[in-house]
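J.: The structure that follows is given in the form of structure tokens.
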Amino acid sequence: MKYTVDESGFYGNFGGAYIPEMLYPNVEELRLNYLAITEQKSFKEEFQHLLKEFVGRPTPLYFAQRLSERYQALVYLKREDLCHTGAHKINNTIGQILLAKALGKSKIIAETGAGQHGVATATVCALMGMDCTVYMGKLDMERQKPNVERMRILGARVVPATSGNQILKDATNEAMRHWINNPTDTHYIIGSVVGPHPYPDMVARFQSVISQEIKTQLIDQTGNPTPDYVVACVGGGSNAMGAFYHFLQDEHVQLIGVEAAGHGVDSGESAATTALGKPGILHGSKTLLMQTQDGQVIEPYSISAGLDYPGIGPIHAHLFETERASFINITDEEAMQAGIMLSRTEGIIPAIETAHAIAALDKLQFDKDDVVVLNLSGRGDKDLETYIRWGKY
Numbered sequence: 017m018k019y020t021v022d023e024s025g026f027y028g029n030f031g032g033a034y035i036p037e038m039l040y041p042n043v044e045e046l047r048l049n050y051l052a053i054t055e056q057k058s059f060k061e062e063f064q065h066l067l068k069e070f071v072g073r074p075t076p077l078y079f080a081q082r083l084s085e086r087y088q089a090l091v092y093l094k095r096e097d098l099c100h101t102g103a104h105k106i107n108n109t110i111g112q113i114l115l116a117k118a119l120g121k122s123k124i125i126a127e128t129g130a131g132q133h134g135v136a137t138a139t140v141c142a143l144m145g146m147d148c149t150v151y152m153g154k155l156d157m158e159r160q161k162p163n164v165e166r167m168r169i170l171g172a173r174v175v176p177a178t179s180g181n182q183i184l185k186d187a188t189n190e191a192m193r194h195w196i197n198n199p200t201d202t203h204y205i206i207g208s209v210v211g212p213h214p215y216p217d218m219v220a221r222f223q224s225v226i227s228q229e230i231k232t233q234l235i236d237q238t239g240n241p242t243p244d245y246v247v248a249c250v251g252g253g254s255n256a257m258g259a260f261y262h263f264l265q266d267e268h269v270q271l272i273g274v275e276a277a278g279h280g281v282d283s284g285e286s287a288a289t290t291a292l293g294k295p296g297i298l299h300g301s302k303t304l305l306m307q308t309q310d311g312q313v314i315e316p317y318s319i320s321a322g323l324d325y326p327g328i329g330p331i332h333a334h335l336f337e338t339e340r341a342s343f344i345n346i347t348d349e350e351a352m353q354a355g356i357m358l359s360r361t362e363g364i365i366p367a368i369e370t371a372h373a374i375a376a377l378d379k380l381q382f383d384k385d386d387v388v389v390l391n392l393s394g395r396g397d398k399d400l401e402t403y404i405r406w407g408k409y
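Okay, so the sequence shown: first residue is 17 according to this note's numbering, each after it adds one.
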């Protein structure tokens, strides 16, 4: 079975470009040009140069000895938290800003939830001398204040989204409205594998450096390029897709996506899309999303600002429907406990998004020689206030 995008922009039953007529020229410009531009030798050379010299790639694949003893398996952590800006998000923003330059754009907009994508976008805009506006839910701005100030220091305008629950979904809505009103000089850097085609494919390609490195690093450390499990948290799903990408066709590798259950799947305060969602249209693509009987989007909830999205990327919807990937949901409490456990077991304070993936290790059964790669998608600096408010450590 094919797990990558087809010529129509679909992954099986999911994907496409369901957009207002006013956005069609912007999206069509990207669709017609992104592959030709990103395949150019000069683009690849600059992208690889910046990943190495600016981002700090390759990131380590760290054998977590004490974690391995705890779970009776060989557990490796892909240290995306060691990227410049503290998360995997910058892999994609480097790629998209180079694409925007090639298309002659002078202004950049973005949406952000936890703020890591916003910081990564503001960072590359400062690097390239481009105008930057980041939309962020008002609630997320309050719980991710350090990232808001980082963006401002880097020169970005941070615009609060005050509609809905004032979270990631609402910031995305505002960013799309801005793009409709400024189509000619502005590129919208979407931060995850969501949105209309070609965004999910484009973001997946830029993030695929993660799994590309994992394969090389596993050969060095184990003699075998393929693990038994790859585990990653899923909001929209960019870090997970980066970790899964080069293993999609290898059915031996079990792909585990981890979603946020919030206060519990049946609590009415959750973001576990695969457990609660059904097919629908969200932010320009057909995917799985949480919705009412009449198709209204149900507001998601998670203690993690980066996972409280009411849907998942169409790639992940396809992986779920075909059972190529398994999806686990983790509550706030389970994630917070796992974040403290990792901190005290390996000396790494994870982002709360990543802590959900760590918690999933308790839900899986491993054989002693299983090689488990967990994508450590971000560091916990931005979440210290949330850890402090939670207080159980």
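The beta carbon of each residue, even a glycine, is placed where N, CA and C say it ideally should be.
Values in this document were obtained by computation on a predicted structure and should not be read as measured data.
From this set, ASN29, ALA103, GLN381 and GLY131, which residue's C-alpha is nearest VAL91's C-alpha?
T.: Answer by Cα proximity: GLN381.
J.: Write down the C-beta distance between ILE169 and MET257 rounded to the nearest angstrom, noting that I regard them as a contact closer than 8 Å.
T.: About 30 Å; that fails the 8 Å criterion.
J.: In whole angstroms, give me the CA-to-CA distance for GLU23 and GLN307.
T.: So the alpha carbons of these two residues sit roughly 28 Å apart.
J.: Which of the three DSSP states, helix, strand or coil, is assigned to SER359?
T.: Residue state, collapsed to three classes: helix.
J.: For CYS249 versus VAL281, is the C-beta spacing smaller than 8 Å?
T.: For CYS249 and VAL281, no; Cβs fall outside 8 Å.
J.: Could you pull the start and end residues of the beta strand (DSSP E) that HIS203 belongs to?
T.: Where HIS203 is concerned, the enclosing beta strand (DSSP E) stretches over 202-205.
J.: On a Cα-Cα basis, can you pick out the residue from ARG86, SER122, TYR204 and ASN255 that is closest to LEU358?
T.: Answer by Cα proximity: ARG86.
J.: Closer than 8 Å by C-beta to ARG159: which residues in its own chain qualify, once you throw out the five before and the five after it? Chain order, please.
T.: ALA321, GLU401 and THR402, listed in sequence order.
J.: Could you give the distance in angstroms between the alpha-carbon of GLY111 and the alpha-carbon of LEU67?
T.: Looking at the two C-alpha atoms, the distance is approximately 9 Å.
J.: Which residues mark the beginning and the end of the beta strand (DSSP E) in which ARG95 is found?
T.: Run containing ARG95: 90-95, per the beta strand (DSSP E) assignment.
J.: If you compare alpha carbons, which of PHE222, MET192 and LEU77 is closest to LEU392?
T.: The shortest Cα separation from LEU392 among PHE222, MET192 and LEU77 belongs to LEU77.
J.: Within 10 Å of its beta-carbon, does ILE235 have 16 or more other beta-carbons around it, so buried, or fewer, so exposed?
T.: It counts as exposed.
J.: Classify ALA52 as buried or exposed, calling it buried when 16 or more other Cβ atoms lie within 10 Å of its own Cβ.
T.: Counting Cβ neighbours within 10 Å, ALA52 comes out exposed, since fewer than 16 surround it.
J.: Counting only the same chain and skipping the five closest in sequence on each side, list residues whose C-beta sits under 8 Å from that of GLU190.
T.: Taken in chain order, the residues that qualify are GLU127, TYR151, VAL175, ALA177 and SER179.
J.: Distance check for LEU305 and LYS294, CA to CA, integer angstroms please.
T.: Each residue's alpha carbon lies about 6 Å from the other.
J.: Measuring only the C-alpha atoms, how far is THR99 from ASN107?
T.: The question names Thr, but residue 99 in the sequence shown is Cys. Those two C-alpha atoms are separated by around 9 Å.
J.: I think VAL269 touches THR242, with their Cβ atoms under 8 Å apart; what is that distance to the nearest whole Å?
T.: About 5 Å; that satisfies the 8 Å criterion.
J.: If you reduce the DSSP assignment to three classes, tell me which class ALA118 lands in.
T.: In the structure shown, ALA118 sits in a helix (DSSP, three-state: H, G or I).
J.: Using DSSP's beta-bridge definition, name the partner residues of GLU275.
T.: Answer is ASN345.
J.: Around the Cβ of LEU48, are there at least 16 other Cβ atoms within 10 angstroms (buried) or fewer (exposed)?
T.: LEU48 is exposed by the Cβ-count criterion.
J.: Residues bridged to PHE79 by DSSP?
T.: Note: PHE79 sits in a beta bridge opposite TYR92.
J.: Indicate whether ALA351 and ILE319 have their beta-carbon atoms separated by less than 8 Å.
T.: Yes, they are a contact pair.
J.: In angstroms with no decimal places, state the Cα-to-Cα distance between LYS302 and ALA130.
T.: Answer to the nearest angstrom: the Cα atoms are 24 Å apart.
J.: Among LEU335, GLY153, LYS123 and GLY251, which one has its Cα closest to the Cα of VAL140?
T.: Cα-wise, what sits closest to VAL140 is LYS123.
J.: Between SER254, VAL247 and ASP324, which has its C-alpha nearest HIS279's C-alpha?
T.: It is ASP324.
J.: Just verifying my parser: in three-state terms, what is the DSSP assignment at ASP386?
T.: In the structure shown, ASP386 sits in coil (DSSP, three-state: anything other than H, G, I, E or B).
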